[in-house]
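One structure is given here, and the rest of the page talks about it.
Residue numbers (the numbering used here), protein chains in the order written: chain A, 175 to 429; chain B, 175 to 429.
Printed below as a string of structure tokens:
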């Protein structure tokens, strides 16, 4: 896991313990551990927070409580405030993705980074926003911008997490006991199928035969079969052409 | 708002109405409206779903219920299944970001797109996954991959939303009644400040004067002041150098 010790989430006057727990869960999903609470309305520690964190107790138990936003950010070097889009103040404004990049760059040079989130009902007040270096606004459906606190924390945390995530954007996953078929195995499959189709008269019209074979081969190629699947396919062909008599054993034989 | 009529969210056997409501909220945050429910455990309609959707009633009220996953996806052309990373099946696997791009491309050619999400306790079963064209796995902290249903829907929906979002990644926002200071206004400010500092003897050491002036000008330039802020700043300088006598009026004069 990435070292995210330099990233702090600060909830200013959060109202519901349950939301604090869900914030902790979203943070820890993204490998972020440092949670700071400024005057949580219902006190701290909080049983609803523990119940809602769904296993992210590592974050909830280590959360620290502060009496003011100033206290909570005193040791941080770069602080962003999450807000709805507004022009009340002259302030740099980031999208979550751009904010994550900016924070990652600063964290990489050893600076302590934090993001401020306001209370569920009304967000951050302007005095807290004034303390921050810049704001973050999540772009959303303009007809419906009401984002749950934990959802806001998740979106920003996930953008941060993604910057170091090594996942391959697209891959063909497969079980360990198989591998992609090679082209010889596929050619044998094509020939097997075409032979049986010839036997049954499916490819009888001579001038259409090459076109139909191309369509069939193309369709099968696109399936990106494993060598195991090629064997299943050939088993199906063999089964379909067989004249089965009452009493014959079933022939499902995947190995 | 983007036309997202081609994007469907399918919840297979969701357990809690509250989670369905939170899914609806996350969808509508991202402009997605078509919610399909396969055998919701506690029935439908659901009062907890209505209560939890926080204003996304447009999604909850229009949700449709199906008896099987096959029924729910019958009219769709491309279906992705959300899963934990697994190699049980040979299947293309996307990250949410790559999946959103793939879906957007297909939606752009008129195809109907859907994403399957399994029940909260155990996810999708393999028979449902087998019906899908590919899987999506959200990369997360390997120590804690338990993602709430609505959080999973949000992350994928947000990646979809972002692809057409026009937000500027970074901008200096400011109130409508001001504008960035021009360089002449800033030069007058610098000269005003340097004049007063000279008067007080702050820049007395001749060989250090140019360096100090450069540092001060650089610091002030970085603040990206508005013309209003330049006036506030010059007002502060004027105030600081004034000899105030008892009884003088206060001179805060922001206009």
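Backbone N, C-alpha and C fix where the C-beta goes; we use that ideal spot for every residue, glycine too. Keep in mind the model is a prediction, meaning the values are calculated, not measured.
Query	Result
At a cut-off of 7 Å, is residue 358/B close to the ligand ATP when judged by its beta-carbon and the heavy atoms of the ligand?	No copy of the ligand ATP occurs in the structure displayed, which carries no ligand at all.
Around the Cβ of residue 355/B, are there at least 16 other Cβ atoms within 10 angstroms (buried) or fewer (exposed)?	buried
Residues of chain B with a CB under 9 Å from the CB of residue 345/A: which are they?	266, 267, 268
Thinking C-alpha only, which one of 290/B, 251/B, 227/B is nearest residue 258/B?	290/B
What would DSSP say about residue 345/B, mapped onto helix, strand or coil?	strand
Please say whether residue 347/B and residue 265/A have beta carbons closer to each other than 8 Å?	yes
Going by beta-carbon coordinates alone, are residue 320/B and residue 189/B separated by less than 8 Å?	no
With a threshold of 8 Å, are at least 3 pairs of Cβ atoms found where one atom belongs to the region 185–201 of chain A and the other to the region 322–336 of chain A?	yes
Does any C-beta atom of chain B lie closer than 8 Å to the C-beta of residue 329/A?	yes
Take the Cβ of residue 200/A as the centre, count every other Cβ of all protein chains shown within 10 Å, and call the residue buried at 16 or more, exposed below.	buried
Which of the three DSSP states, helix, strand or coil, is assigned to residue 287/A?	strand
Any beta-carbon of chain A closer than 8 Å to the one on residue 202/B?	yes
So, with DSSP's three-state summary, where would you put residue 400/A?	strand
Quick check: what's the CA-CA separation for residue 412/A versus residue 224/A?	59 Å
Under 7 Å Cβ-Cβ, which residues of chain B neighbour residue 446/A?	No answer is possible for residue 446/A: the residues shown for chain A start at 175 and end at 429.
Where in the region 186–240 of chain A do unbroken runs of the alpha helix (DSSP H), each at least 4 residues long, occur, reported from the N-terminal end onward?	191–203, 221–226, 231–236
Once you ignore the five residues that flank residue 374/A on each side, which residues in its own chain have a CB closer than 8 Å to its CB?	415
By how many angstroms is the C-alpha of residue 310/B removed from the C-alpha of residue 273/B?	7 Å
Using a beta-carbon distance below 8 Å, is residue 304/B in contact with chain A?	no
Between residue 255/B and residue 198/B, is the Cβ-Cβ spacing less than 8 Å?	no
Quick check: what's the CA-CA separation for residue 229/B versus residue 313/B?	30 Å
Residues of the region 308–330 of chain B with a CB closer than 9 Å to any CB of chain A: list them in chain order, please.	308, 309, 311, 312, 313, 314, 315, 316, 317, 318, 319, 320, 321, 322, 324, 325, 328, 329
Alpha carbons only, please: which of 217/A, 196/A, 214/A, 183/A is nearest the one belonging to residue 207/A?	183/A
First and last residue of the alpha helix (DSSP H) that includes residue 308/A?	Run containing residue 308/A: none in the alpha helix (DSSP H); it sits in the beta strand (DSSP E), 308–310.
To the nearest angstrom, how far is the alpha carbon of residue 391/B from that of residue 377/B?	14 Å
Please confirm if residue 248/A has its CB atom under 8 Å from at least one CB of chain B.	no
Grab the span of the alpha helix (DSSP H) containing residue 336/A for me, first residue to last.	323–336
Please state if the CB of residue 286/B and the CB of residue 249/B are separated by a distance shorter than 8 Å.	yes
Which residue wins for smallest C-alpha separation from residue 283/A, given the options 299/A, 252/A, 268/A, 304/A?	252/A
Helix, strand or coil for residue 379/A, going by three-state DSSP, please let me know.	coil
Between which residues of its own chain and residue 343/B is the CB-CB distance below 6 Å, once the five residues before and five after are set aside?	none
Which of the three DSSP states, helix, strand or coil, is assigned to residue 270/A?	helix
Can you check whether the CB of residue 222/B is closer than 8 Å to the CB of residue 195/B?	yes
Please report the straight-line C-alpha distance between residue 217/A and residue 241/A, rounded to a whole angstrom.	12 Å
Any beta carbon of chain A sitting closer than 8 Å to that of residue 429/B?	Any reading at residue 429/B is ruled out, since the residue's pLDDT is 47, under 50, leaving its predicted position unreliable.
Report the CB separation of residue 267/B from residue 345/A in whole angstroms; it is logged as a contact under 8 Å.	6 Å
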